[in-house]
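S.K.: These protein sequence lines are chains A and B, in that order. Quick note: the first sequence, position 86, residue 94 per the numbering used here, numbers continuous. Quick note: the second sequence, position 26, residue 42 per the numbering used here, numbers continuous. Glycine included, every Cβ here is placed at the ideal spot set by N, Cα and C. Note that this is a predicted model, so its numbers are computed, not measured.
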Amino acid sequence: NAGVMQNPRHLVRRRGQEARLRCSPMKGHSHVYWYRQLPEEGLKFMVYLQKENIIDESGMPKERFSAEFPKEGPSILRIQQVVRGDSAAYFCASSPPSQGDTEAFFGQGTRLTVV
Amino acid sequence: LAKTTQPISMDSYEGQEVNITCSHNNIATNDYITWYQQFPSQGPRFIIQGYKTKVTNEVASLFIPADRKSSTLSLPRVSLSDTAVYYCLVALWSSASKIIFGSGTRLSIRP
Numbered sequence: 009n010a011g012v013m014q015n016p017r018h019l020v021r022r023r024g025q026e027a028r029l030r031c032s033p034m035k036g037h038s039h040v041y042w043y044r045q046l047p048e049e050g051l052k053f054m055v056y057l058q059k060e061n062i063i064d065e066s067g068m069p070k071e072r073f074s075a076e077f078p079k080e081g082p083s084i085l086r087i088q089q090v091v092r093g094d095s096a097a098y099f100c101a102s103s104p105p106s107q108g109d110t111e112a113f114f115g116q117g118t119r120l121t122v123v
Numbered sequence: 017l018a019k020t021t022q023p024i025s026m027d028s029y030e031g032q033e034v035n036i037t038c039s040h041n042n043i044a045t046n047d048y049i050t051w052y053q054q055f056p057s058q059g060p061r062f063i064i065q066g067y068k069t070k071v072t073n074e075v076a077s078l079f080i081p082a083d084r085k086s087s088t089l090s091l092p093r094v095s096l097s098d099t100a101v102y103y104c105l106v107a108l109w110s111s112a113s114k115i116i117f118g119s120g121t122r123l124s125i126r127p
């Protein structure tokens, strides 16, 4: 059973471009969470999704950021018109529906660099 | 929000037992206590989870007193590879926005 898969592992974008980060949850998991981590800091919650539903997006910046988790395919975190301050590691985690409250497993992250 | 307090850093030596204590005074009745380990450039890795008393797995033990306002992660006989940041989390993932990672405890193991 493969773990949470994120791609790409590293992404470089110029200011003003779009960044698309993908997260494939573990098999059987229907809950996905996205986090952002700056160097030497803890992870900051961004958004919690279930299939075709955004459950909690209270941590998402109001502009330029969006997330989706379609019925088929990976979850996508999309950042439009990136700025230098978006440079960070973005992690996603997934949890199963039956134990959605207590266990979540993280991917290896995508490191976004905006130049 | 389920805020936790843990030491910023700890040092120890190979072969020693390491105990990291986390305070969570405002833990809610339904909250679970979960510990994660993170190595540089990697995602957090689940270590152990508990609700009350003591939990043990092949990696660590977790001690939770009756009032649940704190918990202690115990790593037996640490090795250099245990050098990492350890996060104590309190809450349920269904309330993910209430889970605060904080800065964690940076554990350094020396030969």
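Counting only Cβ-Cβ distances shorter than 7 Å, please list the residues of the segment 111 to 126 of chain B near chain D, keeping chain order.
M.R.: Of the protein chains in this structure, namely A and B, none is chain D.
S.K.: Which partner residues of H39 (chain A) appear in the DSSP bridge assignment?
M.R.: Here residue 39 (chain A) is taken as the residue at index 31 of the first sequence, counted from 1. BP columns for H39 (chain A) point to A:Q58 and A:S103.
S.K.: If you run the structure through DSSP and keep just helix, strand and coil, what is D64 (chain A)?
M.R.: Position 56 of the first sequence, counting from 1, holds the residue named residue 64 (chain A). Strand, per DSSP.
S.K.: If you drop the 5 nearest sequence neighbours on each side, which residues of the same chain put their C-beta closer than 6 Å to that of D64 (chain A)?
M.R.: Reading the first sequence from its first residue, position 56 is the one you call residue 64 (chain A). So the list reads Y56, once near-sequence residues are dropped.
S.K.: Using a cut-off of 9 Å between C-beta atoms, extract the partners of F62 (chain B) located in chain A.
M.R.: For this step, residue 62 (chain B) is matched to residue 46 along the second sequence. Within chain A, the residues near F62 (chain B) are E111, A112, F113 and F114.
S.K.: Does the beta carbon of F53 (chain A) sit closer than 8 Å to a beta carbon anywhere in chain B?
M.R.: Mapped onto the first sequence, residue 53 (chain A) falls at position 45. Closer than 8 Å: yes.
S.K.: Could you check what DSSP says for G66 (chain B) in three-state terms: helix, strand or coil?
M.R.: The residue labelled residue 66 (chain B) in the question sits at position 50 within the second sequence. Correct three-state label for G66 (chain B): strand.
S.K.: Please name the residue, chosen from B:I64, B:Q58 and B:Y102, that lies closest to Y48 (chain B) on a Cα-to-Cα basis.
M.R.: Your numbering for residue 48 (chain B) matches position 32 in the second sequence. Taking only the C-alpha atoms, the option nearest Y48 (chain B) is B:I64.
S.K.: Does chain A have any CB closer than 8 Å to the CB of Q32 (chain B)?
M.R.: By one-based count along the second sequence, residue 32 (chain B) stands at place 16. So, not an interface residue.
S.K.: What does Y103 (chain B) reach in chain A if we use C-beta pairs closer than 9 Å?
M.R.: Along the second sequence, one-based indexing puts residue 103 (chain B) at 87. The answer, in chain order, is G50 and L51.
S.K.: Do the CB positions of V34 (chain B) and V71 (chain B) come within less than 8 Å of each other?
M.R.: Start at 1 with the first residue of the second sequence, and residue 34 (chain B) comes out as number 18. Start at 1 with the first residue of the second sequence, and residue 71 (chain B) comes out as number 55. No, they are not a contact pair.
S.K.: Around the C-beta of P105 (chain A), are 16 or more other C-beta atoms found within 10 angstroms, so that it is buried, or is it exposed?
M.R.: Here residue 105 (chain A) corresponds to residue number 97 of the first sequence, with the count starting at 1. Exposed, since its Cβ has fewer than 16 Cβ neighbours within 10 Å.
S.K.: Any Cβ of chain B within less than 8 Å of the Cβ of H37 (chain A)?
M.R.: Working through the first sequence from its first residue, we reach residue 37 (chain A) at position 29. By this cut-off, H37 (chain A) is not an interface position.
S.K.: Closer than 8 Å, CB to CB, is W51 (chain B) near chain A or not?
M.R.: Walking along the second sequence from the start, residue 51 (chain B) turns up at place 35. No, W51 (chain B) does not count as interfacial toward chain A.
S.K.: Starting from the C-beta of G86 (chain A), find all residues in its chain whose C-beta is less than 6 Å away, skip the five residues before and the five after it, and write them out in chain order.
M.R.: Your numbering for residue 86 (chain A) matches position 78 in the first sequence. In the sequence as presented, Gly is not what sits at residue 86 (chain A); that position holds Arg. Around R86 (chain A): R28 and S74.
S.K.: Could you have a look at R119 (chain A) and say whether DSSP puts it in helix, strand or coil?
M.R.: For the purposes of this step, residue 119 (chain A) is taken as the residue at position 111 of the first sequence. If DSSP states are grouped into helix, strand and coil, R119 (chain A) belongs with the strands.
S.K.: In chain order, what residues of the same chain lie with their CB nearer than 7 Å to the CB of M13 (chain A), ignoring the 5 residues before and after it?
M.R.: The residue you call residue 13 (chain A) lines up with position 5 of the first sequence. The answer, listed in chain order, is S32 and G115.
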